[in-house]
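**Student:** There's a structure below that I have some questions on.
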Amino acid sequence: MSAPAPSPLAIVDAEPLPRQEEVLSETALAFLAELHRRFTPRRDELLARRAERRAEIARTSTLDFLPGTAAIRADDSWKVAPAPPALEDRRVEITGPTDRKMTINALNSGARVWLADFEDASAPTWENVVTGQLNLIDAYTRSIDFTDERTGKTYALRPDEELATVVMRPRGWHLDERHLTDAEGTPVPGALVDFGLYFFHNAQRLLDLGKGPYFYLPKTESHLEARLWNDVFVFAQDHLGIPQGTVRATVLIETITAAYEMEEILYELRDHASGLNAGRWDYLFSIVKNFRDGGPKFVLPDRNAVTMTAPFMRAYTELLVRTCHKRGAHAIGGMAAFIPSRRDEEVNKVAFEKVKADKDREANDGFDGSWVAHPDLVPIAMESFDRVLGDRPNQKDRLREDVDVKAEDLIAIDSLDARPTYAGLVNAVQVGIRYIEAWLRGLGAVAIFNLMEDAATAEISRSQIWQWINAGVVLDNGERVTAELARKVAAEELANIRAETGEEAFAAGNWQQAHDLLLKVALDEDYADFLTLPAYEQLKG
């Protein structure tokens, strides 16, 4: 008996957008409906499994490599598929949302790869979801341009051979797309919407350009979630007549549970895998989330005090490089989030030196590439990797067999000699309120205090406030972190913002709403798994 025809999807509570029908054609929606029918039930099961695993961590306060998959880790014979030519050299990758100006600037940036972001750097308004897809289609057909209304400056693409290769990041498994529902009113997972529309419209077009549909997979928590993605890829390629193995996926190891399953994740995706990435903020957020009731030894200090040289972070990054190179995959390093100042060269000088030191460390450790948030950082990161790589596309031949990471090393949080400070609490509140306010206006990537912040930095900010309160942390000034202290700091920050912006701009913004939402997710006894879930309920558009 043949499978039933997929239910048509309905577009709900969304104002029609110019050219929307180009993205949401009947055939594209039918493809999304089939992805939804086949894979959403498994997605739901895996989200339930996350909750079970978190309950187990709460009970044991530990994690270990999986005994049931030891044979996969011990088998030295398997490798991931060879990288396609367009992904062989990834020495510098730029990240950013898919608005029209960013699309042109990122492609023109000189970076080898652009992470075109529908996830943490993009607030999922209907306009961002749909026009982001349109901008990528227009880029591949070279019909994209942009004129800044404020400055009159025009932007256009450089020749094809000078453009970055696009690796697109869909939303994580946990987020639904409320504007697309099936006949029962069930929303389609945002991950399937973002992946499905991009793949449907661009897979063949990219092949014709000598590239392919390449993806970054966020928020993965287990190899079973990677297996689901692999099954999605296999089905999508078959369904649209795209050769198997055309898709390539780089998985962000940005959860503590995934750090214990790196080899298994690559194994599940081996015909489609191209690498792993070592993120920072989401990884720290995941540690706090999973070990939030584990007592003082799991308390993180100020987020800016947790650098990649912290012992437990060093264990994670070195294990990632060793794992990737053992299996023939690229190891991609973390983000340089600095945004250069147009007014203060001294700030730039100090920051550029830090960026250079960070990228030098990654290149020397064996990473094959790294991330930057701004085009001005591309040459700095490029120089660090050029010095180590020369004319080689990568250093996957550096197997790092000297690395020996034990299970306990990855969660040795108390090995870091730093403690929470009052300034750190203030910064967490400042970043949280300012980021959430912008997110509620539809902006997912926001420059705050010369750093490019995205949803991951807001997550670690609110999680640290929650953790410090619940662990009874005493700060460097002798004050204990309490809900009352967090409210006091938040009220002071709101007053500062009002003075800084002026009454009219303050009233026009979402400042009170952002303040209230930050305190809700930072103070509620029931810790919200993701800040973006309650925030999405308040997002207009």
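The numbering used here numbers the first residue of the sequence shown as -1 and each following residue consecutively.
Just so it is clear, CB atoms sit at the ideal spot from N, CA and C, and this is done for glycine as well.
(1) Using 10 angstroms around the beta-carbon of Thr163, count the other beta-carbons present and answer buried if the total reaches 16, otherwise exposed.
(2) Find the nearest neighbour of Leu64 within the set Arg246, Asp291, Asp280, Glu261, judged by alpha-carbon distance.
(3) How about His221 and Glu259: are their beta carbons less than 9 Å apart?
(4) Can you list, in chain order, the residues of its chain with a C-beta nearer than 7 Å to that of His34? Leave out the 5 residues immediately preceding and following it.
(5) Can you round the beta-carbon distance between Glu91 and Leu113 to whole angstroms, since I take them to be within the 8 Å contact cut?
(6) Buried or exposed: where does Ala69 fall if 16 or more other Cβ atoms within 10 Å of its Cβ makes it buried?
(7) Answer with buried or exposed for Asp42, where buried requires no fewer than 16 other C-beta atoms within 10 angstroms of its C-beta.
(8) Return the residue from the list His372, Glu266, Glu435 that minimises the CA-CA distance to Ala506.
(9) From this set, Leu173, Asp514, Thr255, Val348, which residue's C-alpha is nearest Tyr314's C-alpha?
(10) Just verifying my parser: in three-state terms, what is the DSSP assignment at Phe144?
(11) Given this structure, state the Cα-to-Cα distance separating Asn103 from Ala421, to the nearest angstrom.
(12) Looking at Val403: is its Cβ nearer than 9 Å to the Cβ of Arg320?
(13) Express the C-alpha separation of Pro14 and Tyr534 in angstroms, rounding to a whole number.
(14) Can you tell me whether Leu529 is buried or exposed? The criterion is at least 16 other CB atoms within 10 Å of its CB, across all chains shown.
(15) Could you please give me the residues that DSSP links to Ser368 through a beta bridge?
(16) Could you give the C-beta distance for Tyr564 and Glu316, rounded to a whole number, given that I count them as a contact under 8 Å?
(17) By how many angstroms is the C-alpha of Thr149 removed from the C-alpha of Ile263?
(18) Considering only their Cβ atoms, is the gap separating Pro418 from Asp474 smaller than 9 Å?
(19) Can the beta-carbon of Tyr214 be found less than 9 Å from the beta-carbon of Asn275?
(20) From the DSSP output, in three-state form, read off Met(-1) for me.
(21) When we look at the beta-carbon of Ser542 and count the other beta-carbons within 10 Å, is it buried (16 or more) or exposed?
(22) Quick check on DSSP: helix, strand or coil for Ala445?
(23) What separation, rounded to the nearest whole angstrom, lies between the Cα atoms of Leu521 and Pro373?
(24) What are the boundary residues of the beta strand (DSSP E) that includes Val348?
(25) Please state whether the Cβ-Cβ distance between Gly293 and Ser59 is less than 9 Å.
(26) How far does the alpha helix (DSSP H) with Met166 in it reach, from first residue to last?
(27) Just tell me which of Ile240, Arg203, Leu207, Leu267 has its CA closest to the CA of Arg225.
(28) Under the three-state reduction of DSSP, which class applies to His328: helix, strand or coil?
(29) Please classify Val427: is it buried, with 16 or more other beta-carbons within 10 angstroms of its beta-carbon, or exposed?
(30) If we count Cβ pairs, one from each stretch, closer than 8 Å, do we get three or more for the region 500 to 516 versus the region 323 to 342?
(31) Note down the Cα distance separating Cys322 from Ala257, rounded to an integer number of angstroms.
(32) In the DSSP assignment, find the beta strand (DSSP E) that holds Val427 and state where it starts and stops.
(33) Beta-carbon within less than 8 Å of Glu223's beta-carbon, same chain only, minus the 5 sequence neighbours each way: which residues are those?
(34) Taking the beta carbon of Met(-1) as the centre, do at least 16 other beta carbons fall within 10 Å, making it buried, or is it exposed?
(35) Buried or exposed: where does Phe542 fall if 16 or more other Cβ atoms within 10 Å of its Cβ makes it buried?
(36) Give the DSSP bridge partners of Thr253, in chain order.
**Tutor:** Let's see:
(1) To locate residue 163, count along the sequence shown from 1; it is residue 165. It counts as buried.
(2) Here residue 64 refers to the residue found at position 66 of the sequence shown. Nearest neighbour of Leu64 by Cα position, chosen from Arg246, Asp291, Asp280, Glu261, turns out to be Glu261.
(3) What you label residue 221 is simply residue 223 of the sequence shown in a count that begins at 1. What you label residue 259 is simply residue 261 of the sequence shown in a count that begins at 1. Annotated as proximal: His221 and Glu259, with beta-carbon spacing under 9 Å.
(4) In the sequence shown, the residue the question calls residue 34 occupies position 36. Result list for His34: Asp180, Val186, Leu190, in chain order.
(5) Residue 91 sits at position 93 when you count from the first residue of the sequence shown. Residue 113 sits at position 115 when you count from the first residue of the sequence shown. Taking the Cβ atoms as the reference, Glu91 lies roughly 6 Å from Leu113, within the contact range of under 8 Å.
(6) Here residue 69 is taken as the residue at index 71 of the sequence shown, counted from 1. Under this definition Ala69 is an exposed residue.
(7) As a working mapping, residue 42 is identified with position 44 in the sequence shown. Its Cβ having fewer than 16 others within 10 Å, Asp42 is exposed.
(8) Reading the sequence shown from its first residue, position 508 is the one you call residue 506. Ranking the options by Cα distance to Ala506, first place goes to Glu435.
(9) Within the sequence shown, numbered from 1, the residue matching residue 314 stands at position 316. Out of Leu173, Asp514, Thr255, Val348, Thr255 has the C-alpha closest to the C-alpha of Tyr314.
(10) Counting from 1 along the sequence shown, the entry for residue 144 is found at position 146. Residue state, collapsed to three classes: strand.
(11) By one-based count along the sequence shown, residue 103 stands at place 105. By one-based count along the sequence shown, residue 421 stands at place 423. Rounded to the nearest angstrom, the two C-alpha atoms are 35 Å apart.
(12) Position 405 of the sequence shown, counted from the start, is the residue given in the question as residue 403. Position 322 of the sequence shown, counted from the start, is the residue given in the question as residue 320. Taking 9 Å as the Cβ cut-off, Val403 and Arg320 qualify as a contacting pair.
(13) Translated into the one-based positions of the sequence shown, residue 534 becomes position 536. Translated into the one-based positions of the sequence shown, residue 14 becomes position 16. The alpha-carbon separation between Tyr534 and Pro14 amounts to approximately 19 Å.
(14) Here residue 529 is taken as the residue at index 531 of the sequence shown, counted from 1. Buried is the call here.
(15) The sequence position of residue 368 within the sequence shown is 370, counting from 1. In DSSP, Ser368 forms a bridge with Val90.
(16) What the structure shows of the chain is the stretch from -1 to 539, and residue 564 is not part of that stretch, so it cannot be assessed.
(17) The sequence position of residue 263 within the sequence shown is 265, counting from 1. The sequence position of residue 149 within the sequence shown is 151, counting from 1. Computed Cα separation, rounded: 46 Å.
(18) For the purposes of this step, residue 474 is taken as residue 476 along the sequence shown, with counting starting at 1. For the purposes of this step, residue 418 is taken as residue 420 along the sequence shown, with counting starting at 1. Yes, these two residues count as a Cβ contact at 9 Å.
(19) Within the sequence shown, the letter at position 216 stands for residue 214. Within the sequence shown, the letter at position 277 stands for residue 275. Yes, Cβ-Cβ distance for Tyr214 and Asn275 is below 9 Å.
(20) In the sequence shown, the residue the question calls residue -1 occupies position 1. Note on Met(-1): pLDDT 43, under 50, position unreliable in the model; no value is reported.
(21) The structure shown does not extend to residue 542, since the chain is modelled only from -1 through 539, so no value can be given for it.
(22) The count along the sequence shown starts at 1 and reaches residue 445 at position 447. Of the three classes helix, strand and coil, the one that applies to Ala445 here is strand, per DSSP.
(23) Here residue 521 refers to the residue found at position 523 of the sequence shown. Here residue 373 refers to the residue found at position 375 of the sequence shown. In a straight line, the C-alpha of Leu521 is about 37 Å away from that of Pro373.
(24) Taking the first residue of the sequence shown as 1, we reach residue 348 at position 350. No beta strand (DSSP E) holds Val348; the alpha helix (DSSP H) holding it covers 343 to 363.
(25) Taking the sequence shown and counting its residues from 1, one reaches residue 293 at position 295. Taking the sequence shown and counting its residues from 1, one reaches residue 59 at position 61. Going by C-beta atoms, Gly293 is nearer than 9 Å to Ser59.
(26) If you number the sequence shown from 1, residue 166 lands on position 168. Element bounds for Met166: not the alpha helix (DSSP H) but the beta strand (DSSP E), 163 to 167.
(27) Residue 225 sits at position 227 when you count from the first residue of the sequence shown. For Arg225, the nearest C-alpha among the options comes from Leu267.
(28) Taking the sequence shown and counting its residues from 1, the one referred to as residue 328 is at position 330. In the structure shown, His328 sits in a strand (DSSP, three-state: E or B).
(29) Numbered from 1 along the sequence shown, position 429 holds the residue referred to as residue 427. Classification of Val427: buried, given that the 10 Å Cβ count is 16 or more.
(30) no
(31) Start at 1 with the first residue of the sequence shown, and residue 322 comes out as number 324. Start at 1 with the first residue of the sequence shown, and residue 257 comes out as number 259. Near 12 Å, if we compare the C-alpha coordinates of Ala257 and Cys322.
(32) Counting from 1 along the sequence shown, the entry for residue 427 is found at position 429. From DSSP, Val427 is part of no beta strand (DSSP E) but of the alpha helix (DSSP H) over 420 to 438.
(33) Locating residue 223 in the sequence shown gives position 225, where the first residue counts as 1. For Glu223, where only same-chain residues beyond five positions count, the Cβ hits under 8 Å are Leu44, Trp171.
(34) Working through the sequence shown from its first residue, we reach residue -1 at position 1. Here the model assigns Met(-1) a pLDDT of 43, short of 50, so the residue's position is not dependable, and the following value carries that caveat. Exposed is the call here.
(35) Residue 542 is absent from the model: the chain starts at -1 and stops at 539.
(36) As a first step, residue 253 is located in the sequence shown; it is residue number 255 there, counting from the start. None; Thr253 has no bridge partner.
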